[in-house]
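Participant: In full-length UniProt numbering, the protein residues as written are 1 to 152. Backbone N, C-alpha and C define an ideal beta-carbon position, used for all residues, glycine too. Everything numeric in this text was worked out from a predicted model, so none of it was measured.
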């Protein structure tokens, strides 16, 4: 659980507040919170530019369903179609920087807002059914983290 508190300080400019995070140790959750704070201003944008082979497309974050990489090609599945780029999944994920986007395998991440169901698959994996009848396998390595995000 995260607790917050406001403390007024006239020495700090109102446009550039200083945020201090205190914890017993710097865990992955603490680092995630720090990253969120560091990228807070970027979070106000509702779209992200994607460079395709012939143009730059602005994709609405709410429309992104799945990002899946195959070798050097990243396919971004949206409500309006599929867009292909050469960006790495890690770089794309860092640019998204939203809590509702979660990695489900070494090659894919999903928008939890488009997750319709999860079903058991083989060897401890799960199958994620997403909007637009898109499906993707959740690797067992990522199942626990997904369940935490879902509050299960």
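#1: Identify the residues that DSSP records as bridge partners of residue 129: which are they?
#2: Roughly how far, in whole angstroms, is the beta-carbon of residue 152 from the beta-carbon of residue 65, given that I think they are within contact range, below 8 Å?
#3: Please name the residue, chosen from 87, 127, 122, that lies closest to residue 116 on a Cα-to-Cα basis.
#4: To the nearest whole angstrom, what separates the beta carbons of residue 76 and residue 50, a pair I think is in contact under 8 Å?
#5: Just to confirm, are residue 61 and residue 109 a CB contact at a threshold of 9 Å?
#6: Give the C-beta separation of residue 74 and residue 67 to the nearest angstrom, bearing in mind that I take them to be a contact with Cβ-Cβ under 8 Å.
#7: Taking the C-alpha atoms as reference points, what is the distance between residue 23 and residue 2?
#8: Closest to residue 113 by C-alpha separation, out of 150, 71, 70, 143, would be which residue?
#9: How should residue 92 be labelled, buried or exposed, when 16 other C-beta atoms within 10 angstroms of its C-beta is the threshold for buried?
#10: Going along the chain, which residues of its own chain have a beta-carbon closer than 8 Å to the beta-carbon of residue 82, five neighbours each way excluded?
Facilitator: In short, the structure shows the following:
#1: Looking at the DSSP assignment, residue 129 forms a beta bridge with 117, 135.
#2: Incorrect: roughly 21 Å between the Cβ atoms, too far for contact.
#3: Ranking 87, 127, 122 by Cα distance to residue 116 puts 127 first.
#4: Residue 76 to residue 50, Cβ: 6 Å. Contact.
#5: No, these two residues do not count as a Cβ contact at 9 Å.
#6: About 6 Å; that satisfies the 8 Å criterion.
#7: Roughly 10 Å between the two C-alpha positions.
#8: If we check each option's Cα against that of residue 113, 150 comes out closest.
#9: Buried, by the Cβ-count rule.
#10: Answer for residue 82: 75, 76, listed in chain order.
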